[in-house]
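Residue numbers (my numbering): 746 to 1775. Don't be surprised by glycine CBs; every beta carbon is placed ideally from N, CA and C. Here is the structure we will look at, set down as structure tokens.
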Amino acid sequence: MEFYWIIDSEGVSFRLNGKIRKGKREMDIKRVCFQNRRLNICSILVMVFLLTLPSNIWAAATGDGSTAAVSSDGSLFSGFITDGVGFSELSNIRMVRTAGTDPLATWEPCNSSQSRDIDFNAVAYGNDTFIAVGKSGTIVSSSNGMNWCSVGPGIAMDLYGVGYCNNTFVVVGDGGTILTSVDGVSWTSRTSGIVSKLYGVAYGNNTFVAVGDAGMVLTSPDGVYWTNRTSGTSQNLTAVTKGKDLFVAVGDSGKILTSPDGIIWTERTTMTNNIFYGVTYGNNIFMAVGYYQDPDGVAIIQIAKIFSSTDGVIWKDCSAEGCWLEDITYGNNNFVAVGSGNTQTIVTSADGLNWTERMPRANYSLSGVACGHNTFVAVGGGGTIFHSNRDATLLAITTGSLTAGFIGEHYSSSLLASGGTAPYTWRATGLPEGLSIDSQTGVISGTPAGIGTSNANVTVTDSLGMAVTQTFRLTLTQNTGIISTVAGNGTAGYSGDGGLAASALLNYPHGLAFDGNGNLYIADASNRRVRKIDSAGIITTVAGNGTSGYSGDGGSAIAAKITCPYGVAFDSNGNMYIADIFNHRIRKVDPAGIISTVAGNGVLTGSYKSGYSGDGGSATSAQLNYPYGVAFDASGNMYIADSNNHCIRKVDTLGIISTAAGNGTYGYSGDGGPATSAQLNNPNGLSFDNRGNMYIADTYNHRIRMVDPNGVISTVAGNGNSGDRYGNDGGYSGDGGLATSAQLNNPNGITFDSSGNMYIADSNNNCIRKVDHSGMISTFAGNGTSGHFGDGGPATSAQLRNPVGVALDNSGNLFIADYFDHSIRKVVLAAQQNSTISPTTGNFDKRISAQADVSTTMTLNGNELLRITNGETALIQGKDYNVNGNTVTIQKDYLASLTVGTTTLTFVFSSGASQVLTITITDGTTETWTNWTATTQKGSHDFWTIAFSKEVDPRSLDNNIYVTTDEAGSNKVDDISVILEGNLCQVKVMPPSNGWQPEGSYYLFISSKVKSQGGQELLSGIRMMFTITM
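Next up, the structure:
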């Protein structure tokens, strides 16, 4: 939070509090001054001077009375105090230098805007704000830990403690003072019922606890109403913290007390010659700090006291030599303690046991420390404020999650870190049996033994002792990529109808398809039938009587003659379509079991028995030439792999046929252009993804081609080798790389899972290949050798014999038509666990000053976020949204581009169902006004000067700063001038030519639409009444 002063023409000052939040769209008014032409009575801005010195010397000085530092080599510092006129050197002090990017190695002085007569006693962080308190009611705030402004409540009492508790700042001090503030700007005095000093405050278990002189303990449920409690000690209690469902208070004579509720207290230890000033909780440890005092009461400043406890009951002395210590905090995976002494004032530790001296001794002791915005802030006497180097790279574990694994199989997952100072050292606890972590590489590996989910705590430590710990969930399951046979036994034949499919005989099964009820249909090619396996595993014949020929249209499908069915598919109405390859037709079987012909006239002509005709007319009159595959798009149009015509035909919902891909000549060409101009070579399989793209198994080209909704063709898998006319030059390579660089060998069937992964029947390679959403290829089933082997084991270890058809059931299990094995194989996939997002709704106001990003948190459940879409349009990561760990942030700039109403964003994951984030977009462009305190002025020709914290965009001034005679802002004073001064940070509002009317009342309006040069706006409009008296 930040404040600036308004000073009227009489020199009477009063405070205006203006809220500042981080974000590029906000700026603030620094001051508004009413001036006459003879005297400018404005507060003087604090100036910061950057001295340009030789390259090996740097300096920083401020004109506000705060500490500065100068160094010629980065190691020798000097502390200064200035009154704004001259500098006086205090002492020469040497920094302990540490190499690398350790953010705690360097501490820099800050602009506190306070006199050296002000001692700061404590500091806290919350609500994106640092608050420091001290002598004579001083309260200062900072949004970044570097630039500070006063927000004091105007009391005279010394303030000793501050905490951010339950979304509220609480300040305690002399005379039982208790102040509270939600925003750190406006403070309310609370009644404590006591007159003694209070030193510290904490919150937990829905209770505020404040401690002070003579064992004083107060509790409050809300920070407003306080009750005096009995602590059981008469010693001063100087600090209190909350951790592990336990309050811990420390104080004089080494007193340490604990309480589960802040009401009933138990004394845990007394160390008469010690005085504790600070206590904190972090990394599952309580830490208390202070100093040793000899029996005569004289402090021996060379002996710091640091005690630790894991339970608040039993305490261990882990003191460091050097300064006495007055406060301690935990943040960024480090303890930081501050104090004063002969050598050091700041010490840090990652574990509470091993401590590093960080700071040269300052002229004044440091009495408070807090962490926020990835920086530590230390405060002390003489207006001293230091901040740690926030620009150094913090040590962090950058790996977001561990990969899932299977029991009994080798597991390996790498962890990565960044920042800090390499090399790193790794350790982990809670790993499942059989797994361990390599301390040098961060690789978790081994062979896990048990199923389940474990929480592993991984810690990385850099060479300077900085440490970060992160908890990872590791899920181990049984490998469900197990293959089995569900129909056929490897022997060609026809038998088994009415019984279990596993006992039936098949004869060169080719195409596969599922209907809407989950029944599997098989194009049992050489049996000249279509077979059905229901959900109970029972097999029956649904089309074809087993004899070669063409007959039966208009009658029962099981009585019809079909010659070698290869492809099978279903439309949305439950009609089954059969690619009757040797009859050169597409047959249809309706839900009643009646068969008909829907494409192809069965006629081949010429000496080579070819046939291609009919485009633009009825599909039943057209010529087809060995149609292998059939598929449907989302609109119900049918597509046919017209293999020997080297093209894809389309039959629309009116039965009109056309060519959708291929120019009718065999070969490989056309990528990047219209599909109808491209060459194909004996296309067999067809499939569509959920975006409407058509995929073609360009079999003899050993490729998978894609035709997008605009009709443009490209290659998505297979490098095709030389493209032999009859497809005799296929190969096998490329797993782990891009599918377009891999070798395929006569690919046939294609299918897609719900996450967009493509499965290819790589027939002559005797395997199934998988192309994931990023275009990477792998082998999903089959070890590349021909045979029938592997049932009950991993699919990748099994043998297949020329697989040609593939289909996925509703559970994501893959079924394979193993052509030469006369069987249907099944690979049981891992159950898909849906990812979730929370929240699933959000709100966005297009009013510029109110615009804010919208965030949601994903629970991935082992999946990966693939994309976010708004309708058919995919959002761009890094521009429209960002992902940080499991948090997705929709950028306000993107949201601002949307229209008012409800926007639905769909999160698509690598497995499982998509999730929806619904954002309600409004436009609250109606100006909201913050009323500033009214003032009275005497000069009829006086003018207003408005000082902004950033350079103003002059284009934004038009009609956005004005004066009216009514509070509603309707009656504007026309004859005024608004002038932007040369520094671009000050605006003058000049009076009318005839001056302000005596005894007149006016309202100065400053709209939130006034922008800085960077496009930042005020949080709200400002309205202030002023009256002219003569």
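Which two residues bound the contiguous alpha helix (DSSP H) that contains residue i?
i: K987; result: Taken as a continuous stretch (DSSP letters only), K987 belongs to no alpha helix (DSSP H), being part of the beta strand (DSSP E) at L982 to G988.
i: A1423; result: Looking at the DSSP string, A1423 is not in any alpha helix (DSSP H), and its letter there is neither H nor E.
If residue i and residue j are in contact, beta carbons under 8 Å, what's the gap, nearest whole angstrom?
i: A1162; j: I1142; result: 5 Å
i: V1375; j: G1312; result: 5 Å
i: C1309; j: A1249; result: No, C1309 and A1249 are not in contact; Cβ-Cβ is about 19 Å, not under 8 Å.
i: P898; j: W932; result: 4 Å
i: G1527; j: I1505; result: No, G1527 and I1505 are not in contact; Cβ-Cβ is about 11 Å, not under 8 Å.
i: S1053; j: I1020; result: Actually they do not touch by this definition, with Cβ atoms about 17 Å apart.
i: T925; j: V915; result: 5 Å
i: N1608; j: S1580; result: 5 Å
i: I1009; j: A1033; result: 20 Å between Cβ atoms; not a contact.
i: V1755; j: E1762; result: 7 Å
In the DSSP assignment, what residue or residues form a beta bridge with residue i?
i: G1035; result: F1021 and K1050
i: A1232; result: I1569
i: R1172; result: T1204
i: V868; result: A877
i: Y1861; result: The structure shown does not extend to residue 1861, since the chain is modelled only from 746 through 1775, so no value can be given for it.
i: Y1371; result: Its beta-bridge partners do not exist; DSSP assigns none.
i: Q1622; result: Y1626
i: W1778; result: Limits of the chain in this structure are 746 at one end and 1775 at the other, which puts residue 1778 out of reach.
i: Y1384; result: A1376 and K1395
Starting from the Cα of residue i, find the closest Cα among the options and give me that residue.
i: T1120; options: F1652, G1195 and F1080; result: F1080
i: N866; options: D873, K880, T1014 and R1332; result: K880
i: E1617; options: F1652, K1695 and T1090; result: F1652
i: A1268; options: A1314, P966, S979 and G1027; result: A1314
i: D1711; options: R1700, V1549 and S1746; result: S1746
i: V1231; options: P1492, H1391, G1740 and I1284; result: I1284
i: S882; options: G890, N1615, G921 and T874; result: Before going on, a small fix: residue 882 reads as Gly here, not Ser. Among G890, N1615, G921 and T874, the Cα nearest to that of G882 belongs to G921.
i: L1209; options: P1539, R1273, Y1036 and D1096; result: D1096
i: G1529; options: Q980, S1542 and D1536; result: S1542
i: T1220; options: G1195, D1242 and I1227; result: G1195
i: G1681; options: Y1748, D1703 and T1634; result: Looking at the sequence shown, residue 1681 is not Gly but Thr. When only C-alpha atoms are compared, the closest one is Y1748.
i: D1006; options: D997, S1110, I1020 and R974; result: R974
i: S1459; options: D1590, L1702, T1421 and G1482; result: T1421
i: D722; options: N1318, D1325, T1350 and G1347; result: Residue 722 is absent from the model: the chain starts at 746 and stops at 1775.
i: S1600; options: Q1622, F1589, I1635 and G996; result: I1635
i: S1403; options: L963, A1344 and A1442; result: A1344
i: G1191; options: D1554, S888 and S1158; result: S1158
If you follow the beta strand (DSSP E) that residue i is in, where does it begin and where does it stop?
i: L1650; result: G1646 to F1654
i: Y1639; result: Segment K1637 to A1641 is the alpha helix (DSSP H) holding Y1639; no beta strand (DSSP E) there.
i: T1398; result: That residue, T1398, is in no beta strand (DSSP E); it is neither H nor E in DSSP.
i: L1265; result: L1265 to D1269
i: P1548; result: P1548 to L1553
i: H1447; result: Here H1447 belongs to no beta strand (DSSP E), and DSSP marks it neither H nor E.
i: F1589; result: T1586 to D1590
i: L991; result: L991 to G996
i: T1602; result: V1599 to T1604
i: N1629; result: Y1626 to N1629
i: S1523; result: I1522 to A1526
i: L1559; result: L1559 to D1563
i: N1615; result: L1610 to N1615
i: T1286; result: I1284 to A1288
i: P898; result: Element bounds for P898: n/a, residue is neither H nor E.
i: T883; result: Premise fails: T883 is in no beta strand (DSSP E) and is neither H nor E.
i: K1277; result: R1274 to I1278
i: A1258; result: P1254 to F1259
Tell me, please, whether the CB atom of residue i is closer than 8 Å to any CB atom in chain B?
i: I1189; result: The structure shown contains no chain B; it is built from a single protein chain.
Contained alpha helix (DSSP H) runs [length at least 4] in the segment 1457-1517, N- to C-terminal order: none
Beta strand (DSSP E) segments (min. 3 residues) lying fully within the segment 1667-1753: 1674-1682, 1688-1693, 1706-1709, 1722-1725, 1731-1735 and 1746-1751
Ranges of the beta strand (DSSP E) found wholly within the segment 935-987, counting only runs of at least 3: 943-949, 952-957, 962-965 and 972-974
Ordered list of beta strand (DSSP E) runs contained in the segment 1296-1361, each at least 3 residues: 1310-1315, 1321-1325, 1330-1334 and 1340-1344
Alpha helix (DSSP H) runs wholly inside the segment 1111-1170, at least 4 long, in chain order: none
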